[in-house]
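Quick note on the numbering used here: the sequence shown kicks off at 145 and runs consecutively.
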Amino acid sequence: MKRVIFAAILLISVLTLAAPKKVAYVINGSLGDQSFYDSGYTGIKELEERYGVQTRVVECNFDPSLYYPSLMTAAQWADVIFVISYGFEEELKEIAMKFPDKIWINIDTVVQDEKGVISSVDYREEEGAFLAGVVAAITTNMTELAGINPQKIVGAVGGDDDIVIRSFVYGYEMGARYIDPEIQVKVIYVGTWDDPSKGKQAALQLYAQGADVIFQIAALTGFGVLQAAQEVGKYAIGVDSNQNPLAPGHVITSDLKEVGKSILMIYDMIVNNSFEKGKIYSLGVKEGAVGLAIDEYTRKILPQAVIDRVIDIQNKVASGEIKIEPYRP
């Protein structure tokens, strides 16, 4: 028994010594969105606690002039670099080629280089958005709820009109029409990720057009959608992180994209030597990377029978019984 314990301790020690010690998180935007970027930061902080690594967050604040130098700074310092590279995919490929011995993980989009240096975490966001559409459609048909009108209209506010947000909208529309083919889905693309006032303005416009549930897929801009729902007595669905508590009684659920958990998963693979450079890791409901946040705030809005129905549909998506085809532009 002593030999077994000693061997286990030795293995842990070897893995700890072999594990990279410096981890960078380079993002095109900035922290504080209570959504996508903050979800990733939660994972970075967990790495510090679990593995004792040093970490640095490099925020580009949507400033293209910072993309290249930010990546270069991270490459010169870190062993592992997690990158959210919207807008600077080419810079990422260029610098990764200069530092091929580093471990590069691009998050939320697929970036492939000639030598297979960069790995990507590609979320099946259509699956989570499908579930958000299910909730929106069920809710808009519950005319017994305060704030729900007889019209079968739901909405979505996107931060920008890009392939990822289109994937969300595609899944959302499929989920809504899975419940009710007559549902009308109205969408506004705001064109910015960090302006809650514009998100609020877009939401108020959709509410005025008859929508009573709006899915926000706009990072910090989307916080304005939650504010609008609370202000006019309507409903919203959050995104990426659990935003249910941000407007209690008006955020029905949140479509989680577990960036933080994904970072932990990838780093665990690096430590146990199962990580593959150049691989695309596809994560969805089955892997626990996307799905709905159902909590006490949800239960204050939806009856348990409705929640049970939603959970059953989510389980069927996870098992593959309900298949969500990927968005193809």
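Even glycine gets a Cβ: it sits at the ideal position worked out from N, Cα and C.
The structure presented is a predicted model; accordingly, all values stated were derived computationally and were not measured.
What are the start and end residues of the alpha helix (DSSP H) that includes residue i?
| i | result |
| --- | --- |
| Ser426 | Careful: Ser426 lies outside any alpha helix (DSSP H), inside the beta strand (DSSP E) at Ile424 to Leu427. |
| Phe367 | Phe367 to Val376 |
| Asn459 | Gln448 to Ser463 |
| Ser214 | Tyr211 to Trp221 |
Check residue i in the structure and name its three-state DSSP category.
| i | result |
| --- | --- |
| Tyr351 | helix |
| Glu326 | coil |
| Trp337 | coil |
| Glu203 | strand |
| Asp306 | coil |
| Phe180 | helix |
| Ala476 | With the chain covering 145 to 473 only, the question about residue 476 has no answer from this structure. |
| Ile468 | coil |
| Gln387 | coil |
| Ile445 | coil |
| Ile407 | helix |
| Val331 | strand |
| Ile188 | helix |
Give every residue of the same chain whose Cβ lies closer than 8 Å to the Cβ of residue i, excluding the five residues on either side of it in the sequence, and list them in chain order.
| i | result |
| --- | --- |
| Gln178 | Leu364, Phe367, Ser385, Gln387 and Leu390 |
| Lys166 | Val197, Gln198, Thr199, Arg200, Trp221, Ala222, Asp223 and Val224 |
| Tyr471 | Glu270, Ile307, Arg310, Ser311, Tyr314 and Gly315 |
| Lys405 | Gly187, Gly432 and Ala433 |
| Met216 | Ile239 |
To the nearest angstrom, report how far apart residue i and residue j are at their CA atoms.
| i | j | result |
| --- | --- | --- |
| Leu155 | Val197 | Confidence at Leu155 is low in this model, with a pLDDT of 49, below 50, so its placement is unreliable and the value that follows should be read with caution. Roughly 18 Å separates the two Cα atoms. |
| Ala152 | Gly432 | Because Ala152 carries a pLDDT of 48, less than 50, the predicted location of this residue cannot be relied on, and the following value inherits that uncertainty. Distance between the alpha carbons of Ala152 and Gly432: 29 Å. |
| Arg118 | Gln220 | Nothing can be reported for residue 118, as the shown portion of the chain is limited to 145 through 473. |
| Ala380 | Val313 | 15 Å |
| Leu91 | Val227 | The requested residue 91 is not part of the displayed model; the chain covers only 145 to 473. |
| Phe206 | Ser174 | 8 Å |
| Val334 | Gly303 | 5 Å |
| Asn417 | Pro244 | 17 Å |
| Ser426 | Ile251 | 11 Å |
| Met241 | Thr397 | 41 Å |
| Gly299 | Asn293 | 14 Å |
| Lys423 | Ala290 | 48 Å |
| Ala320 | Ala276 | 8 Å |
| Ala352 | Phe274 | 24 Å |
| Val357 | Val279 | 9 Å |
| Ile323 | Lys296 | 11 Å |
| Leu446 | Tyr211 | 44 Å |
| Tyr181 | Val429 | 20 Å |
| Ile410 | Val265 | 9 Å |
Go to residue i, then tell me how far its beta strand (DSSP E) extends in each direction, as first and last residue.
| i | result |
| --- | --- |
| Glu383 | The displayed chain sequence assigns Val, not Glu, to residue 383. From DSSP, the beta strand (DSSP E) with Val383 extends over Tyr379 to Asp384. |
| Leu236 | Unbroken run through Leu236 is the alpha helix (DSSP H), Glu233 to Lys242; no beta strand (DSSP E). |
| Lys166 | Lys166 to Ile171 |
| Ser398 | Val395 to Lys401 |
| Asn416 | Unbroken run through Asn416: none, as it is neither H nor E. |
| Ile358 | Val357 to Ile361 |
| Val224 | Val224 to Ile228 |
| Ile247 | Ile247 to Ile251 |
So, at 6 Å on beta carbons, what are the nonlocal neighbours of residue i in its own chain, with the 5 sequence-adjacent residues on each side left out?
| i | result |
| --- | --- |
| Ile466 | Lys460 |
| Met286 | Ile292 |
| Asp339 | Thr365 |
Would you say the beta carbon of residue i comes nearer than 7 Å to a heavy atom of the ligand SAH?
| i | result |
| --- | --- |
| Gly377 | Looking for the ligand SAH in the displayed structure turns up nothing, as the structure carries no ligands at all. |
Quick check on the DSSP output: what are the complete alpha helix (DSSP H) runs of length 4 or more inside the stretch 254 to 310, in order along the chain?
269 to 284
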